[in-house]
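See below for the structure under consideration.
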Amino acid sequence: MSVRSVPQTLLFHLARIPGAVHRDQLAEAAGTSKDYAGRVLSRMVRSGRVTRVGRGRYQLTRNVES
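First residue of the sequence shown: 8, per my numbering; consecutive thereafter.
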């Protein structure tokens with residue numbers, strides 16, 4: 008049995024779902040609160056792994072077209 012951290016789970020679901028995904032959907036899929044998912048996603052935006060593409064919607068940086 009493998010145990011994933013919340014950031015790993017959020018990245019997994021971002022990679023699995025095409026297009027931009029709302030923070031609330033990601034929080035539900037990761038089994039965490041909306042607030043905590045938002046804080047984790049905010050850290051990922053600062054590190055460049057995730058791009059914010061609208062109000063509360065996120066997408067993997069590699070999937071964003073310039």
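Backbone N, C-alpha and C fix where the C-beta goes; we use that ideal spot for every residue, glycine too.
For this session: Report back the beta-carbon spacing between Ala27 and Tyr65 to the nearest angstrom; my notes put them in contact at under 8 Å.
Result: Contact between Ala27 and Tyr65 holds: CB atoms are separated by about 6 Å, below the 8 Å threshold.
For this session: Using the Cα positions of Thr58 and Ser40, report the straight-line distance between them to the nearest angstrom.
Result: Going by the C-alpha atoms only, they are around 20 Å apart.
Exercise. Hey, would you say Ile24 sits closer than 9 Å to Gln32, going by beta carbons?
Worked result: Yes, Cβ-Cβ distance for Ile24 and Gln32 is below 9 Å.
Exercise. Are the beta-carbon atoms of Leu48 and Arg69 separated by less than 9 Å?
Worked result: Not closer than 9 Å, so no.
Exercise. Looking only at DSSP bridge pairs, what is Arg64 linked to?
Worked result: Beta-bridge partners of Arg64 (DSSP): His29.
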